[in-house]
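Sequence positions in the sequence shown follow mature numbering (1 follows the signal peptide of the UniProt record, and there is no 0) and run -18 to -1, 1 to 269.
Note that CB positions come from ideal geometry on N, CA and C, so glycine has one too.
Keep in mind it's a predicted model, so treat the numbers as computed, not measured.
Okay, structure first, notes after.
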Amino acid sequence: MNLIRLFLVASGLVVARAFTPTTSINRATTRPLRRLSSLYMVQGQGDSYKKVFVAGGSRGVGRLVVDKLLASGSEVVALVRSEEAVGELSALEGVTAIRGDAMDYKTVEGAMDGCDAAITTLGGGHDARLDGKWVDYTGNNNVIEAAGILGVTRVVLVTSIGCGSSKDATPPSVYEVLKDVLAQKNKAENVLTRYYTNMNWTIVRPGGLVSAPETGKAILTEDATAIGSIHRGDVADLVVRALFSKNTKKMILSAVDPSIASSANTAGRINEAFALDADNVSIARWK
């Protein structure tokens, strides 16, 4: 099998400073990276949201997003698929955990009602199909539609590098393996950006997800040619920072960690390198 190289950022600047124009990265071009303005996290400089809806909060990036939101002082309403997850999250002060299926629109709308912001990390990869539907599109679309109906104007959608304008950043052999799930995520992105123009949305596209403690060195960039890996905890941190930032509205951002060493992956390890959290697949699939 051919080896797949994931080239990473050479600079070690953290998210608050983003990239300098001379930063190099695994990219399809040698053009200088576009600089992203600082993400304001200081109280009074960014936006604040009292109650945030999280779809996909039972595990993976979504579960870590819940912790980050609580640390920021926000209340959380988490839509999860299992009673076990309801019990775990309900034990946390500030969390309302609701068991439900993100594939059902009415369930999503009912859970989101009363929130003033929403984050969705829904994804299920190649196992997310149910009656021809994928949570990567249908579940995310339900969150977006419910936000529009309820007047929740701040939404952060977590997808993946390889979607939309970042397609060419992904090695062809990686894209070939993930093209179906990326197509579903891309559809969700298109719904949000094309039909919800009055909404203050942000799309975060992580690189290959790594299961290890966060480094605190991950960054966001507007450059769609960026590619690399990132720890789940750092994705969660960037997602919450982006939520509260005044500078990320109506922006599509790639998330990578410049501190993770470059590595080669065989085609058989692609799914691990670009793991897409199967976080809120229909309950019927998990009984």
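Residue range of the alpha helix (DSSP H) that G144 falls in? Note, G144: premise wrong, no alpha helix (DSSP H); not H, not E.
Out of L220, L225 and S241, which has the shortest C-alpha to C-alpha gap to G28? Its Cα nearest to that of G28, the residue L225 stands out among L220, L225 and S241.
What did DSSP end up calling G190 once you bin it into helix, strand or coil? Assignment of G190 by DSSP, reduced to helix, strand and coil, places it in the strand class.
Between which residues of its own chain and L71 is the CB-CB distance below 6 Å, once the five residues before and five after are set aside? Once the five neighbours on either side are set aside, the close Cβ partners of L71 are A60, V77 and A79.
What residue does the alpha helix (DSSP H) around R214 start on, and which one ends it? For R214, the uninterrupted alpha helix (DSSP H) segment begins and ends at R214 to F226.
Give me the Cα-Cα distance between G42 and V68, rounded to the nearest whole angstrom. About 15 Å.
Using only CA atoms, which one of T207, K161, L104 and I212 lies nearest to P195? With respect to the C-alpha of P195, the residue from T207, K161, L104 and I212 having the closest C-alpha is I212.
Nearest CA to the CA of T120: which residue from A73, E171 and F35? If we check each option's Cα against that of T120, E171 comes out closest.
Between the Cα of D83 and the Cα atoms of L74, G105 and D98, which residue gives the shortest distance? Looking at the Cα atoms, G105 is the closest of the given residues.
Taking A37 and V173 to be in contact with their CB atoms under 8 Å, please state how far apart those CB atoms are, rounded to whole angstroms. The Cβ separation is near 15 Å, so there is no contact.
Of the choices D216, K32 and L74, whose alpha-carbon is the least far from that of M94? For the residues D216, K32 and L74, the minimum Cα distance to M94 belongs to K32.
Run through the DSSP bridge pairs and tell me what residue 273 is partnered with. The requested residue 273 is not part of the displayed model; the chain covers only -18 to 269.
Per-residue DSSP class, three states only, for N124: N124 falls in the helix class under three-state DSSP.
Alpha-carbon spacing of V90 relative to S155, whole angstroms: C-alpha separation (whole angstroms): 35 Å.
Which same chain residues, not among the five before or five after F35, have their C-beta less than 6 Å away from its C-beta? Contacts found: V59, M94, C97 and A100.
Could you say which of M85, I143, K50 and G189 lies nearest to E127 if we only look at CA atoms? Checked all of M85, I143, K50 and G189; the closest Cα to E127 is M85.
Under the rule that 16 or more other beta-carbon atoms within 10 Å means buried, what is K167, buried or exposed? That one is buried.
For V186 versus V163, is the C-beta spacing smaller than 7 Å? The answer is no: Cβ separation not under 7 Å.
Inspect the beta-carbon positions of D239 and A206 and report whether they are closer than 7 Å. Contact flag unset, no.
Tell whether a beta-carbon distance below 7 Å holds between A151 and I209. In this structure, I209 lies closer than 7 Å to A151 by Cβ.
Since T78 sits in a beta bridge, which residues does DSSP pair it with? Beta-bridge pairing links T78 to V59.
Please state if the CB of V47 and the CB of A218 are separated by a distance shorter than 7 Å. For A218 and V47, yes; Cβs fall inside 7 Å.
So, with DSSP's three-state summary, where would you put F256? Below a pLDDT of 50, predicted positions are generally treated as unreliable, and F256, at 44, falls in that range; no measurement from the model is reported.
Below 8 Å on the Cβ atoms is my contact criterion, and I expect T184 with T230 to pass it. Report the Cβ-Cβ distance as a whole number of Å. Sure, about 5 Å apart at Cβ, within 8 Å.
Does the Cβ of I143 have 16 or more other Cβ atoms within 10 Å, making it buried, or fewer, making it exposed? Per the 10 Å Cβ criterion, buried.
Taking E238 as part of the beta strand (DSSP E), name the residues at either end of that continuous run. Reading off the sequence, residue 238 comes out as Val, not Glu. Note, V238: beta strand (DSSP E), M233 to V238.
What do you reckon, are the CB atoms on N182 and T141 nearer than 7 Å? In this structure, T141 does not lie closer than 7 Å to N182 by Cβ.
If you draw a straight line from the alpha carbon of L132 to that of T102, how long is it in whole angstroms? Approximately 16 Å between the Cα atoms of the pair.
Report the three-state DSSP secondary structure of I209 (helix, strand or coil). Taken through DSSP and simplified to helix, strand or coil, I209 comes out as coil.
Go through its chain and collect everything with a Cβ distance to S147's Cβ below 8 Å, but skip five positions before and after it. If we look at S147 and ignore the five residues flanking it on each side, its Cβ neighbours are A206 and I234.
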